[in-house]
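Asks: Residue numbers (our numbering): 388 to 497. Below you will find the structure I want to go over with you.
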Amino acid sequence: MFGTMYLIHTRLACADGADPLDDVAQRVLTAANADDGVEHVSAHPDATPHPVLALWMVAPTLREAESRALEVCRRALAASPKLREWEVLGSGAAFVGPYYERLLSSSGLD
């Protein structure tokens, strides 16, 4: 698959008492198809205010990467009895502030 690599964050929420997200990254990878463009998944269960899944996606556009990440995560949660109490709140491109701050400071525009 050709395209650009995007880092997409998917936010999750659950009811109290839901199973922990121990192996959710592997479950998301398992739910992904070759055409989804998922290259890597990592879980950040202690992120606040909600746990986050970080998906590195290859897609032709950012919108496509966000859409695919959302679909793959929903598919993974629906396929796993352990994760059915969890829900996807949304997916979007991750903003990497320090990277852009470095670009601005080296350009003299800050």
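Glycine included, each C-beta is placed from N, C-alpha and C at the ideal position.
Could you have a look at L394 and say whether DSSP puts it in helix, strand or coil?
Replies: L394: strand per DSSP, three-state reduction.
Asks: Along the chain, which unbroken stretches of the alpha helix (DSSP H) at least 4 residues long are found entirely within the stretch 392-450?
Replies: Runs of the alpha helix (DSSP H) inside the stretch 392-450: 411-418.
Asks: Using only the alpha-carbon positions, how far apart do A452 and T391 sit?
Replies: Between A452 and T391, the C-alpha separation is close to 9 Å.
Asks: Examine chain D for any beta-carbon lying closer than 8 Å to the beta-carbon of D433, and answer yes or no.
Replies: Included in the structure is just one protein chain, with no chain D present.
Asks: In this structure, does DSSP put S454 in helix, strand or coil?
Replies: Of the three classes helix, strand and coil, the one that applies to S454 here is helix, per DSSP.
Asks: For T435, count the other beta carbons within 10 Å of its own beta carbon; 16 or more makes it buried, fewer makes it exposed. Which is it?
Replies: By the 10 Å Cβ count, T435 comes out exposed.
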